[in-house]
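For my numbering, add 1001 to where a residue sits in the sequence shown, where the first one is 1. C-beta atoms are modelled at their ideal positions from N, C-alpha and C, and glycine is treated no differently. Okay, structure first, notes after.
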Amino acid sequence: MTSSGAPAPTIFERMKTFVINVETSVARREFMMRQCAAAGLDATIVKAVTPATLPAHPYRYAARRAEIYAGRPLMPTEIACAASHMRLWQQLLDDPDVDRYFILEDDVRIEPGIRDIVARLDPHAPSRIVKLSGMNERPMKRVEAVDDAHGLYRMAYGPLDAGAYVIDKPAAKRLLAYCAKLAMPIDVLMDRCYIHGVPIYSVIPYPAKGMGVFDANRPDYDPTDPLTTSIGVRPVKYSQSTSRVWRLMRSAVKIPASLLKRWAALTLRFRH
C-alpha cells in the first residue's frame, strides 16, 4: 500500500507478456492461451521465427565459432529460436510504454498462481533477468522470500532454460550485443552471466516447467503430444568425428569461460 492507502504499483504496471508460438502449432497456442487465462495473464501471442522465415530477420550466425564452442553446427531451428527471442528483446528496447517483458515459450506448463508470484518482484530492482523456469541445478544464493512457498535466488549462472523469464531494457541491450554473433543455443548464451554481465535470478521452486521432449531416442518421446518440441533431434556431436588436434583446440578455447564460471560460483556469496 502507498501512503495514500492506494495499492502499490506492481511490476505489471510497466510490463507486457508475450508467448512465442510457431504459427502452425495451433494446439500449443490454444494450450498456452488457456493457461494464461487461468493464471490471469494478459498475454500476446507472437509468431516465432522459423527456418523458413529466417531470411526476413536480421541475425548473424558464426558457424565456425559454433563448431568450436558447441562442438557442432547449430540447427536451423536453434537459430530461429534465438532470432525469436532476440526480436522481442529489440522490440522491448523500442517500446516506450514498458520497462520489461515477461516472455514465455509455448511448451511450458505454468502454475495458476504465477501472476501473483511475478507481481511480487521488485519493479525498482537493478537490471537483471529473472527466470521462472529452469532445467538444471546451479550454485545459488537465496536473496529474499517471494511468498510463503517461493524464494528469489541469485544464480552463479543460468539454469539452461528460456521457457519463462522477465527481462528489462538494460539487460536486453546487453544480451543483444553479446548474442550478435550466434555461436550457441540462445539459452546457453543467456546463461553466461559471467561473460555478458547481466545478473540472473530465479524464482524457486520454478512456477513454470518446460515440457517439450525433443530427443526421439528418449522413451517418453511422443510426436503426437502437442508439447513435443519441433526443434529437431540433435545430431551426434560434431567433435566426435573430428581430429584429436581439433578436440584439443576446442578444450583450450573453452578454458577462459570455464575459469570465469568457477569464479562466479566461488564469489556468489558476496553478491546480492
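Spatial distance of residue i from residue j (CA atoms)
| i | j | result |
| --- | --- | --- |
| Thr1018 | Met1250 | 42 Å |
| Glu1024 | Arg1245 | 43 Å |
| Tyr1207 | Pro1186 | 21 Å |
| Thr1229 | Asp1108 | With a pLDDT of only 47 at Thr1229, under 50, the local geometry of the prediction cannot be trusted, and no value is derived from it. |
| Arg1066 | Ala1184 | 6 Å |
| Thr1011 | Ala1265 | 31 Å |
| Gly1028 | Gln1036 | Note that residue 1028 is Ala in the sequence shown, not Gly. Cα to Cα, Ala1028 sits roughly 12 Å from Gln1036. |
| Arg1270 | Arg1155 | 9 Å |
| Phe1013 | Ser1252 | 44 Å |
| Ala1063 | Asp1096 | 29 Å |
| Glu1079 | Arg1121 | 33 Å |
| Met1136 | Pro1056 | 31 Å |
| Leu1260 | Met1076 | 28 Å |
| Val1177 | Gln1091 | In the sequence as presented, Val is not what sits at residue 1177; that position holds Leu. Approximately 8 Å, taken between the alpha carbons. |
| Leu1190 | Asp1149 | 32 Å |
| Pro1127 | His1273 | 11 Å |
Cβ shell of residue i (< 7 Å), same chain only, five flanking positions each side left out
| i | result |
| --- | --- |
| Leu1094 | Lys1170, Ala1173, Lys1174 |
| Ser1134 | Val1109, Asp1162, Gly1164, Ala1165, Tyr1207, Ala1209, Lys1210, Gly1211 |
| Thr1051 | Val1023, Ala1081 |
| Tyr1102 | Met1016, Lys1017, Phe1019, Leu1089, Leu1093, Ile1168 |
| His1058 | Val1050, Ala1084, Arg1088 |
| Ala1181 | Arg1061 |
| Pro1140 | Ala1157, Ala1266, Leu1269 |
Beta-carbon contacts of residue i that lie in its chain and below 8 Å, excluding the five residues immediately before and after
| i | result |
| --- | --- |
| Asn1022 | Arg1029, Arg1030, Met1033, Ile1046, Val1047, Lys1048, Ala1049, Asp1107 |
| Arg1129 | Asp1169, Ala1172, Val1199, Pro1200, Ile1201, Tyr1202 |
| Glu1138 | Pro1160 |
| Asp1275 | Only positions 1002 to 1273 of the chain appear in this structure, which leaves residue 1275 out of reach. |
Same chain, Cβ closer than 6 Å to residue i, neighbours up to 5 away in sequence not counted
| i | result |
| --- | --- |
| Val1099 | Arg1015, Met1016, Lys1017 |
| Ser1026 | none |
CB-CB length for residue i against residue j, believed under 8 Å
| i | j | result |
| --- | --- | --- |
| Val1204 | Leu1153 | 6 Å |
| Lys1285 | Tyr1195 | Since the first and last residues shown for the chain are 1002 and 1273, residue 1285 lies out of range. |
| His1086 | Ile1104 | 7 Å |
| His1197 | Tyr1179 | 4 Å |
Next on the checklist: Going residue by residue through the segment 1007 to 1071, where are the continuous beta strand (DSSP E) segments of at least 3 residues, counting only ones entirely within it?
Outcome noted: 1016 to 1022, 1044 to 1048
Checklist entry - Quick one: any contact between the segment 1111 to 1123 and the segment 1030 to 1044, if contact means 3 or more CB pairs under 8 Å? => result yes
Checklist entry - Is the segment 1143 to 1151 touching the segment 1057 to 1077 in the sense that three or more CB pairs, one from each, lie closer than 8 Å? => result no
Next on the checklist: Could you tell me which whole beta strand (DSSP E) segments of length 3 or greater appear in the segment 1111 to 1165?
Outcome noted: 1130 to 1132, 1141 to 1146, 1152 to 1156
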